[in-house]
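Here's the structure, in structure tokens; my notes come after.
Numbering (our numbering), first residue to last: 0 to 176.
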């Protein structure tokens, strides 16, 4: 081998070693990181501590007592829990009857064009159920009797009389809704 070539090779090896050493020493030195600018803070997602509380509280107000069926019986949108059912009937001779059954109170409220009255259940049977009131539909002297048959209360018979108890009107009714 040529001595000249060996000298060049040795110089190259020494230079490469020095360069590698300088890089190693430079990499091990601690450098200060540059200050972050305001733009970097805005674009960076911030971590926000979360709480177990909801953002908007759900305030639920519980009334101490539900409204009674008589307080909401005229409200066709209201829903009353506990044994209240409203059924409409079409009767012959022509008469429309809206019956609101209050099963827990053993009552039915009958509303017609002549007026509205509350009848009490007079028997323990479920077919037919018999309800009676000692007043006429208009609230005057007389009586109203309502008999409803079938488990779904599909048919009914209403008997009404005013002051003249001998003059009784009888209506045969069928459920419309």
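Note that beta-carbon positions come from the ideal geometry of N, C-alpha and C, so glycine has one too.
What is the residue span of the beta strand (DSSP E) that residue i lies within?
i: residue 158; result: 154-160
i: residue 119; result: 114-120
i: residue 141; result: 140-148
i: residue 132; result: 128-134
i: residue 169; result: 167-174
Using the Cα positions of residue i and residue j, report the straight-line distance between them to the nearest angstrom.
i: residue 112; j: residue 93; result: 11 Å
i: residue 125; j: residue 160; result: 25 Å
i: residue 147; j: residue 168; result: 16 Å
i: residue 77; j: residue 84; result: Confidence in residue 77 is poor, its pLDDT being 49 and thus under 50, which makes the residue's placement unreliable; the coordinate value appears in the next sentence. Answer to the nearest angstrom: the Cα atoms are 11 Å apart.
i: residue 98; j: residue 122; result: 18 Å
i: residue 79; j: residue 158; result: Confidence is the limiting factor: at residue 79 the pLDDT is only 49, short of 50, which leaves the residue's position unreliable and the question unanswerable from this model.
Mind checking whether residue i and residue j have CB atoms under 8 Å apart?
i: residue 116; j: residue 132; result: yes
i: residue 88; j: residue 173; result: yes
i: residue 109; j: residue 96; result: yes
Below 7 Å, is the gap between the Cβ of residue i and the nearest heavy atom of the ligand ATP?
i: residue 173; result: Absence of the ligand ATP from the depicted structure is noted, as is the absence of any ligand whatsoever, leaving it without description.
If you scan the segment 75-111 from start to end, which runs of the alpha helix (DSSP H) of 4 or more residues do you find wholly inside it? Entirely contained in the segment 75-111, not one alpha helix (DSSP H) run reaches 4 residues.
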